[in-house]
Amino acid sequence: GVAYGENRFKLSDPAARFYPPMKQHPTITLGHLLNWASGLDWQEDYEYAPLKSPAVAMPYTRGRADMAEFAADTSPFAEPGQAFRYSSGDSNLLSAALKGM
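Residues 261 to 361 (the working numbering) make up the sequence shown, in order.
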């Protein structure tokens, strides 16, 4: 909220402007990430197929070294802004973008 209040970014800014690994998703904005509407195919499953769940892999296995970069490598399932999906991946991408300001 502070960075937004200081006009350091607009919700319409592409996430890639502040976090380069998001260049593979040039139409995803900070507003999309803030609203969990990136369109990335992130599955927030902990019980069903936990070994394949990105929500489990991100902090514990394949994504542990860089959780935001792991999330950025997710393929889309919808156009940004067209679908809501709770996503710790989106939260990590937003955090990385804010750090990049």
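For every residue, glycine included, the Cβ atom is placed at its ideal position computed from N, Cα and C.
Remember, it's a predicted structure, so these values are computed and weren't measured experimentally.
Exercise for the section: Look at the alpha carbon of arginine 345 and the alpha carbon of alanine 315, and state the distance between them as a whole number of angstroms. Expected result: 13 angstroms
Problem - Euclidean distance between Cα positions of glutamine 342 and proline 286 - result: 15 angstroms
Handout entry: Cβ pair count under 8 angstroms reaching 3, the region 285-304 against the region 329-341
Key = yes
Practice task
Have a look at proline 280 and glutamate 307 and give me their C-alpha separation to the nearest angstrom.
Solution key: 32 angstroms
Problem - Sequence-distant residues of its chain with Cβ nearer than 7 angstroms to leucine 354 (five each side left out) - result: Leu290, Leu293, Leu294
Handout entry: Cβ-Cβ separation, methionine 318 to glycine 349 (assumed contact under 8 angstroms), whole Å
Key = 7 angstroms
Practice task
Rank Glu266, Trp302, Ser272 by C-alpha distance to the C-alpha of alanine 332 and give the top, closest one.
Solution key: Trp302
Practice task
Check whether the Cβ atoms of serine 347 and tryptophan 296 sit closer than 9 angstroms, and answer yes or no.
Solution key: yes
Problem - Sequence-distant residues of the same chain with beta carbon closer than 7 angstroms to serine 313, five excluded per side - result: Gln303, Asp305, Tyr306
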